[in-house]
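J.:
Protein chains in written order, with this note's numbering: chain Z, 1 to 353; chain G, 354 to 706.
Structure representation (structure tokens):
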């Protein structure tokens, strides 16, 4: 479909240092496309970043029919702008949409619109160390109706936000609470989809963890509160006795793109790696035997977020003396190196804008 | 707080028959109130019904921090306008808000605002048999930020929608699919809260049920897929061998106000009634023994929605020959009679506007 572009006449000031708070500054333009049952997705357009006007009965406000993605554009040292495996985001967006009964988008077409948008906002991709341009595609049900049924109309939007480094002053391993009461997701639910309700449902557990001095939450499975699933809104990896283990996708775990990339890297490096069920009890047993060598969360925001300490029902586990592990560091350097164009992209993971 | 009222100058046409589609027509005014961390809830106002203007980064679009309620204003035969136990809705709204990390409202104060709004829109309460004015209070997180954390600002709104009878042409028992794969909610999740994400997550199961000729879904517990929880977005009751059974509140079941009222009525009538865990297998065993006498969903929309047939893994259960049961009818007549001012309100359940 032909893309219509309306350029903004009032350009905003761009960040002048790496001190950019996460997700609060937005660029001059956004992408919008509408869906109606009889027209399909139509009217793709890039317009000035502006408020949305929606009927208060719009379904997004009542029944939560929405999905989103998160990816980044990186400024390479030579000035190029790179995306990291963006096709995986649109593939996952469609998987999420399927679970939420939202009509699919044409992944290739939308990829083209994203490239146009980032090209137009190229100067918004910051060059300071650790910064990037965060990209948030999302779809919302807009039909003004209180009937509990899929919306007949939707809006697909992409907004862009320059963001600072996830870790200011270098990577710091964090302390995590193993949540034993609240549940993030369960098989048959929406845990594998990137949908709004999965996030606010974790705020109570986050607050509880923070009160006890923890930076985040380790989620266990919703059925037995026994198997490890995710950490905060990241996937989780452990290095135990030389082997890397991450929870197998269970239907309630998000299929992270950083997770997939790490699995591919480890296989290539011939580091033993398994996707399987791992119980919190097994992890603590391995710890007692001195076998837990590293632990880290993975996601687009942090790439690698080392876990320095776990707290589970009063049992403290200190991992690698609160230091970032050797493998964690190597994975971080490799992925951020590829994203920044500092390492050769032998996997063909980046897309230049 | 003083309530500011801005009257609409363009009054819309009101429905002229009982043929009113659910949740698509809205009245001339709505209630709005804002929350900011430093001001608390402030600026309560009744204004013309109009679109909302929100930043595309508003948290409601990304992380689903929202709660809602549903209740009705009824036109009594003598012309009075009655609400049914509205204080229970605001009590539950605050319980839902607590789970979603949303600041509580002052229940009494908001009750006063609702009364003002319904008073202003009194002529919108239809008088046709089976019709009512549906009331939708809801709260949305509005802070424009992509950080995964509770919003610092919120909007509380009440919109009103005249609605037709739930059953056109008399109550018809429906056919229900017992869902064995998708999960509505699990302990530790948000199932007991009235929040958006709980509803759209059921659309896939609804569509599957409809394909196989079922009107709705019976949800089993998320852990063992064994215990009965809810039907569609209603609570469920069974009359088995003279005793009425409804699933006990498990942490993943919504505490329905119709459910509470039915429990109170049955106790008063000295009909044996128990809130307990009941498995789908137990129900089918009772059926084999000819003991399942009635089954019905309960909620604000239908009051009583009889279940005529259940389908579970290929096993069909026909209840009371697809007819509405005697007790179901009596409960329906009693509650709708009180709501319509046709029966004496000995429980003090109605609030006259």
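Positions of the beta carbon are idealized from the N, C-alpha and C atoms, including for glycine.
Measuring from the CB of residue 18 (chain Z), is there a heavy atom of the ligand HEM at a distance below 7 Å?
T.: Judged by which ligands are present, the structure shown has none, so any question about the ligand HEM falls away.
J.: Name, please, each residue of chain Z whose Cβ falls closer than 7 Å to the Cβ of residue 421 (chain G).
T.: Per Cβ cutoff of 7 Å: 62.
J.: Note down the Cα distance separating residue 437 (chain G) from residue 623 (chain G), rounded to an integer number of angstroms.
T.: Their Cα atoms are separated by approximately 23 Å.
J.: Are three or more beta carbon pairs between the segment 546 to 562 of chain G and the segment 56 to 68 of chain Z nearer than 8 Å?
T.: Touching, yes, given that three or more Cβ pairs across the two stretches are closer than 8 Å.
J.: Confirm, please, whether the CB-CB distance from residue 677 (chain G) to residue 645 (chain G) is below 8 Å.
T.: No, Cβ-Cβ distance for residue 645 (chain G) and residue 677 (chain G) is not below 8 Å.
J.: Suppose you measure from the CA of residue 472 (chain G) to the CA of residue 656 (chain G); what does that come to, to the nearest Å?
T.: Each residue's alpha carbon lies about 24 Å from the other.
J.: Looking at the C-beta of residue 536 (chain G), does it have a partner C-beta in chain Z at a distance below 8 Å?
T.: Residue 536 (chain G) counts as touching chain Z.
J.: Nearest chain Z C-beta to residue 408 (chain G) closer than 8 Å, yes or no?
T.: Cβ-Cβ to chain Z under 8 Å: yes for residue 408 (chain G).
J.: Within 8 Å of any Cβ in chain G, is that where the Cβ of residue 9 (chain Z) sits?
T.: With 8 Å as the cut-off, residue 9 (chain Z) does not count as an interface residue toward chain G.
J.: Taking only three categories from DSSP, how would you classify residue 75 (chain Z)?
T.: It is a strand residue.
J.: Would you say residue 498 (chain G) lies against chain Z (beta-carbon separation less than 8 Å)?
T.: Interface residue, yes.
J.: Is the beta carbon of residue 183 (chain Z) sitting closer than 8 Å to the one on residue 434 (chain G)?
T.: Taking 8 Å as the Cβ cut-off, residue 183 (chain Z) and residue 434 (chain G) do not qualify as a contacting pair.
J.: Going along chain Z in order, which residues have a C-beta closer than 7 Å to the C-beta of residue 418 (chain G)?
T.: Neighbours of residue 418 (chain G) on chain Z, chain order: 200.
J.: Comparing alpha-carbon positions, which option in G:596, G:590, G:632 lies nearest residue 612 (chain G)?
T.: Out of G:596, G:590, G:632, G:590 has the C-alpha closest to the C-alpha of residue 612 (chain G).
J.: I'd like to know if residue 187 (chain Z) contacts chain G, where contact means its C-beta is closer than 8 Å to some C-beta of that chain.
T.: Taking Cβ atoms only, chain G reaches closer than 8 Å to residue 187 (chain Z), which makes this a yes.
J.: Span of the beta strand (DSSP E) holding residue 393 (chain G)?
T.: 393 to 401 is the span of the beta strand (DSSP E), which, as asked, contains residue 393 (chain G).
J.: Please go through the segment 51 to 98 of chain Z and give each complete beta strand (DSSP E) segment of 3 or more residues, from N-terminal end onward.
T.: You should have 52 to 54, 66 to 68, 71 to 75, 81 to 84.
J.: Write down the C-beta distance between residue 499 (chain G) and residue 276 (chain Z) rounded to the nearest angstrom, noting that I regard them as a contact closer than 8 Å.
T.: Between residue 276 (chain Z) and residue 499 (chain G) the Cβ distance is about 33 Å, and since that is not below 8 Å, they are no contact.
J.: Would you call the segment 45 to 54 of chain Z and the segment 26 to 33 of chain Z touching, i.e. three or more CB-CB distances under 8 Å?
T.: Output reads yes: the segment 26 to 33 of chain Z touches the segment 45 to 54 of chain Z.
J.: Can you confirm whether the segment 278 to 292 of chain Z touches the segment 141 to 161 of chain Z when touching is taken to mean that 3 or more C-beta pairs between the two stretches lie within less than 8 Å?
T.: Touching, no, given that fewer than three Cβ pairs across the two stretches are closer than 8 Å.
J.: Measure from the C-beta of residue 512 (chain G) to each C-beta in chain Z and report whether the shortest distance is under 8 Å.
T.: Chain Z, which has a Cβ nearer than 8 Å to the Cβ of residue 512 (chain G), makes this yes.
J.: For residue 159 (chain Z), which residues from the same chain have a beta carbon less than 6 Å from its beta carbon, with the 5 sequence-adjacent residues on both sides left out?
T.: Within the same chain, residue 159 (chain Z) has close Cβ partners 26, 30, 136.
J.: Is it true that the CB of residue 255 (chain Z) sits closer than 8 Å to the CB of residue 192 (chain Z)?
T.: In contact: residue 192 (chain Z) and residue 255 (chain Z) (Cβ atoms closer than 8 Å).
J.: Note the first and the last residue of the continuous beta strand (DSSP E) segment covering residue 234 (chain Z).
T.: Per DSSP, residue 234 (chain Z) belongs to no beta strand (DSSP E) and is neither H nor E.
J.: Taking residue 426 (chain G) as the reference, which of G:409, G:469, G:445, G:456 has the closest Cα?
T.: Of the candidates G:409, G:469, G:445, G:456, the one whose C-alpha sits nearest the C-alpha of residue 426 (chain G) is G:469.
J.: What is the rounded straight-line gap between the Cα of residue 55 (chain Z) and the Cα of residue 374 (chain G)?
T.: Approximately 17 Å, taken between the alpha carbons.
J.: Using a 10 Å radius around the Cβ and a threshold of 16 neighbouring Cβ atoms, would you call residue 557 (chain G) buried or exposed?
T.: Under this definition residue 557 (chain G) is a buried residue.
J.: Out of G:661, G:481, G:605, which has the shortest C-alpha to C-alpha gap to residue 569 (chain G)?
T.: Here the closest residue by C-alpha is G:661.
J.: If you pair each beta-carbon of the segment 86 to 98 of chain Z with each one of the segment 172 to 182 of chain Z, do three or more pairs fall below 8 Å?
T.: Contact fails: fewer than three Cβ-Cβ distances are below 8 Å.
J.: Measure from the alpha carbon of residue 1 (chain Z) to the alpha carbon of each residue in Z:106, Z:69, Z:79, Z:36, then state which is nearest.
T.: Closest by alpha carbon: Z:106.
J.: May I ask which residues mark the beginning and end of the beta strand (DSSP E) holding residue 1 (chain Z)?
T.: Neither: residue 1 (chain Z) is in no beta strand (DSSP E) and is coded neither H nor E.
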